[in-house]
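Those protein sequence lines, which keep their order, are chains C and U.
Under my numbering, the residues of the first sequence are numbered 1 to 132, in order.
Under my numbering, the residues of the second sequence are numbered 133 to 463, in order.
Idealized CB from N, CA, C, for every residue including glycine.
Take a look at the structure set out below.
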Amino acid sequence: MTLEASVIKQDAVRNTPSGYEVDIRISWYRSLPIACLENLSVTIDGQAYPAEQLTIKVNNTEIPVTQAGEFLDEWWFTQDPITALITTSNAKAAGEQVNIQVSLATRIPYVIIGPDTALVQRTDVSKEVTVQ
Amino acid sequence: MSIMLGTTIYSMTNEWLAGQFTLPQLIDEVGKRKLGPGLEMIGFQNLRGFPHAVDKQELKDFLDAVERNELTLTSLAGNADIALNPKQWMDTEQSVEYMRPQIELAGELGFPVMRIQIGLTPEVLAKLEPIAAKAKVKLGMEIHAPEGPNTPKVMATREVYEKIDSEYLGFVPDFSSCMRAIPPGMLDKLTQAGLSQEGKQLLISLWEGDGHPFQRYMAFAQQAKDAGEPELPILQAKLIFTMFGRQQPEEWADILDRTVHIHAKFYEVNEDCTDSPSIDHSRILPIFDNADRTISMSSEWEGHAFWDADEVCAFEMVRRHHRLCERLLNR
Numbered sequence: 001m002t003l004e005a006s007v008i009k010q011d012a013v014r015n016t017p018s019g020y021e022v023d024i025r026i027s028w029y030r031s032l033p034i035a036c037l038e039n040l041s042v043t044i045d046g047q048a049y050p051a052e053q054l055t056i057k058v059n060n061t062e063i064p065v066t067q068a069g070e071f072l073d074e075w076w077f078t079q080d081p082i083t084a085l086i087t088t089s090n091a092k093a094a095g096e097q098v099n100i101q102v103s104l105a106t107r108i109p110y111v112i113i114g115p116d117t118a119l120v121q122r123t124d125v126s127k128e129v130t131v132q
Numbered sequence: 133m134s135i136m137l138g139t140t141i142y143s144m145t146n147e148w149l150a151g152q153f154t155l156p157q158l159i160d161e162v163g164k165r166k167l168g169p170g171l172e173m174i175g176f177q178n179l180r181g182f183p184h185a186v187d188k189q190e191l192k193d194f195l196d197a198v199e200r201n202e203l204t205l206t207s208l209a210g211n212a213d214i215a216l217n218p219k220q221w222m223d224t225e226q227s228v229e230y231m232r233p234q235i236e237l238a239g240e241l242g243f244p245v246m247r248i249q250i251g252l253t254p255e256v257l258a259k260l261e262p263i264a265a266k267a268k269v270k271l272g273m274e275i276h277a278p279e280g281p282n283t284p285k286v287m288a289t290r291e292v293y294e295k296i297d298s299e300y301l302g303f304v305p306d307f308s309s310c311m312r313a314i315p316p317g318m319l320d321k322l323t324q325a326g327l328s329q330e331g332k333q334l335l336i337s338l339w340e341g342d343g344h345p346f347q348r349y350m351a352f353a354q355q356a357k358d359a360g361e362p363e364l365p366i367l368q369a370k371l372i373f374t375m376f377g378r379q380q381p382e383e384w385a386d387i388l389d390r391t392v393h394i395h396a397k398f399y400e401v402n403e404d405c406t407d408s409p410s411i412d413h414s415r416i417l418p419i420f421d422n423a424d425r426t427i428s429m430s431s432e433w434e435g436h437a438f439w440d441a442d443e444v445c446a447f448e449m450v451r452r453h454h455r456l457c458e459r460l461l462n463r
């Protein structure tokens with residue numbers, strides 16, 4: 001419900017020479033280590049970019065999403081976005097509208113719901129935004 | 133003695149996540165609206181770099197804001213994060229070393245209490261006690277739904293506390309453990325998500341029934357599915373069984389001696405500030421107000437679990453909650 005309200009802001013998507021940058025905000029009430037990012041995928045105007053194709057930029061460090069589990073000391077602060085770097089030759093220009101969908105799964109490392117099992121918070125957000 | 137009112141900034145989670153305030157601005161707003169004197173916050177929510185890499189200037193700005201608003205620090209919430217590394221969860225030593233800088237920073241800043249979470253093992257608690265005593269920070273294990281003061285997990289901790297018997301090991305009761313009704317706002321959201329009136333009645337009857345919360349949820353999910361209710365509200369209803377507990381308020385008396393701080397969880401207060409439908413404050417507050425010492429209590433609004441910032445103002449909800457508590461405490 002509302003923890004997801006700020007995940008994609010209206011100015012979240014930027015056109016870059018190599019495609020898009022997408023700012024993604026945390027869907028939890030407190031900061032989490034990047035090692036707790038279990039999955040992230042982005043879809044823009046129907047074109048899906050799964051975790052295997054995504055790199056995120058966190059505090060100026062670039063991290064392939066599939067390797068996030070190794071980053072125990074990089075933190076996703078509650079008021080700072082992580083930025084998904086998307087490579088595409090078909091990116092829309094600044095000022096144009098796009099539909100963006102973000103699917104996010106974060107492990108909540110202190111909510112233990114069973115033997116060797118921590119809660120995984122899943123969030124799906126879809127929004128129409130203007131490319132910056 | 134008496135309860136000392138206050139606020140946890142966690143109440144303003146929507147406003148915080150939306151980036152509407154910096155930490156000093158948020159504290160100024162709490163001060164301006166007279167929502168103190170107590171002030172609580174969550175280290176991992178409000179401090180970038182918590183616990184060992186927080187910018188010194190940010191800490192100074194925080195303390196300056198607390199001072200100019202004449203607020204009193206009550207509790208800094210910490211987290212155990214034992215599943216931080218997906219390949220190997222923390223062992224006892226790693227857990228202790230993870231908690232140590234959090235406790236030490238709480239002491240440096242002047243918080244008398246650190247909220248800790250259920251699940252820390254007896255071995256970890258025993259090793260944290262001297263760290264807490266040195267920092268002069270009391271560790272308060274939060275008792276939150278679906279747990280209560282006499283559920284097995286909490287009883288295990290009470291036994292450890294009895295053995296160690298230190299003033300630095302205590303509890304933080306959270307009113308979510310003893311709710312009398314599902315918050316109306318939560319039911320409205322499920323209705324908006326497609327739950328029928330019959331589904332709502334089924335949900336209420338199972339929530340009010342006996343048995344383990346998870347089993348009651350599974351019974352609801354199966355019966356609702358069989359009745360053709362949509363999937364989304366069935367999934368969302370799981371929160372109801374984990375976030376809203378059914379313990380009796382009077383049971384808090386069993387841990388009153390070891391209560392170091394209170395989370396006055398609430399979801400709604402009417403405009404007249406006379407009632408909070410889902411939590412019976414008139415039964416709960418006298419138990420703590422009759423203690424032989426002053427206990428700090430944070431108004432903890434958690435309606436942000438189902439309301440957005442543009443629907444409900446957290447500051448106004450906390451103001452109403454303070455008026456409700458003052459009336460019940462005859463102030």
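DSSP three-state assignment for residue i, whether helix, strand or coil
i: U:A359; result: coil
i: U:A209; result: strand
i: C:R30; result: coil
i: C:K127; result: strand
i: U:N178; result: helix
i: U:T140; result: strand
i: U:P233; result: helix
i: C:L104; result: strand
i: U:E172; result: strand
i: U:V228; result: helix
i: U:L203; result: coil
i: U:V198; result: helix
i: U:P365; result: helix
i: U:R247; result: strand
i: C:T16; result: strand
i: C:P109; result: strand
i: C:N99; result: strand
i: U:V162; result: helix
i: U:A150; result: coil
i: C:Q10; result: coil
i: C:T88; result: coil
i: C:Q121; result: strand
C-alpha distance - residue i paired with residue j, whole-angstrom precision
i: U:E363; j: C:Y110; result: 27 angstroms
i: U:A356; j: U:P381; result: 30 angstroms
i: U:R312; j: U:F398; result: 12 angstroms
i: U:K266; j: U:E432; result: 29 angstroms
i: U:V444; j: U:A369; result: 21 angstroms
i: U:L203; j: U:F243; result: 12 angstroms
i: U:R200; j: U:D193; result: 11 angstroms
i: U:S207; j: U:I336; result: 34 angstroms
i: C:Q56; j: C:L85; result: Note that residue 56 of chain C is Ile in the sequence shown here, rather than Gln. Rounded to the nearest angstrom, the two C-alpha atoms are 6 angstroms apart.
i: U:I387; j: U:G138; result: 21 angstroms
i: U:K219; j: U:Q177; result: 25 angstroms
i: U:E147; j: U:F153; result: 7 angstroms
i: U:E294; j: U:A441; result: 43 angstroms
i: U:M173; j: U:A396; result: 14 angstroms
i: C:A48; j: U:N217; result: 28 angstroms
i: C:S41; j: C:Q53; result: 9 angstroms
i: U:D160; j: U:E448; result: 15 angstroms
i: U:F303; j: U:I275; result: 7 angstroms
i: U:V162; j: U:E434; result: 17 angstroms
i: C:A94; j: C:N15; result: 6 angstroms
i: U:H454; j: U:T145; result: 18 angstroms
i: C:D116; j: C:A35; result: 16 angstroms
i: U:A423; j: C:I63; result: 52 angstroms
i: U:E330; j: C:V129; result: 38 angstroms
i: U:G326; j: U:E458; result: 39 angstroms
i: U:G168; j: U:F346; result: 37 angstroms
i: U:D407; j: C:V120; result: 35 angstroms
Ordered list of alpha helix (DSSP H) runs contained in the stretch 258-342 of chain U, each at least 4 residues: Secondary structure within the stretch 258-342 of chain U: the alpha helix (DSSP H) runs of 4 or more consecutive residues, fully enclosed, are 284-296, 316-324, 329-340 (chain order).
Within 7 angstroms of chain U by C-beta, residues of the stretch 100-120 of chain C in sequence order: Against chain U - using a Cβ distance shorter than 7 angstroms - the residues of the stretch 100-120 of chain C are R107, P109, Y110, I112, A118.
Residue ranges of each beta strand (DSSP E) within the stretch 373-450 of chain U, 3 or longer: Complete beta strand (DSSP E) runs here, min 3: 394-398, 427-433.
Unbroken stretches of the alpha helix (DSSP H), 4 residues or longer, contained in the stretch 18-82 of chain C: Here no run is fully enclosed.
Within 8 angstroms of chain U by C-beta, residues of the stretch 9-31 of chain C in sequence order: If the cut-off is 8 angstroms between Cβ atoms, the stretch 9-31 of chain C has R25, I26, Y29, R30, S31 near chain U.
Contacting positions in the stretch 57-84 of chain C - beta carbon closer than 8 angstroms to chain U: Listed in sequence order: G69, L72, W75, F77, T78, Q79, D80.
Chain-ordered residues of the stretch 366-392 of chain U with a beta carbon less than 8 angstroms from chain C: From the stretch 366-392 of chain U, only Q368 have a Cβ closer than 8 angstroms to chain C.
Residues from the stretch 33-46 of chain C in contact with chain U, defined by Cβ distance under 9 angstroms: Cβ contacts with chain U: P33, A35, C36, E38.
Three-pair Cβ contact test at 8 angstroms for the stretch 340-359 of chain U versus the stretch 245-264 of chain U: No: fewer than three Cβ pairs fall under 8 angstroms.
Chain C contacts from the stretch 148-159 of chain U (Cβ-Cβ distance under 7 angstroms): Here the close residues are W148, L149, A150, G151.
Selection of the stretch 430-445 of chain U by Cβ proximity to chain C, strictly under 8 angstroms: Taking 8 angstroms as the Cβ-Cβ cut-off against chain C, the residues of the stretch 430-445 of chain U that qualify are H436, A437, F438, W439, D440, A441.
Within 8 angstroms of chain C by C-beta, residues of the stretch 208-223 of chain U in sequence order: Within the stretch 208-223 of chain U, the qualifying residues are N211, A212, D213, I214, A215, L216, N217, P218, K219, W221.
contact_flag[the stretch 97-107 of chain C, the stretch 23-43 of chain C] where n(CB pairs < 8 angstroms) is 3 or more: Yes, since at least three Cβ pairs between the stretch 97-107 of chain C and the stretch 23-43 of chain C fall closer than 8 angstroms, the two stretches touch.
Given 8 angstroms, three or more beta-carbon pairs between the stretch 19-29 of chain C and the stretch 60-71 of chain C: Because the criterion of three Cβ pairs below 8 angstroms is not met, the stretch 19-29 of chain C and the stretch 60-71 of chain C do not touch.
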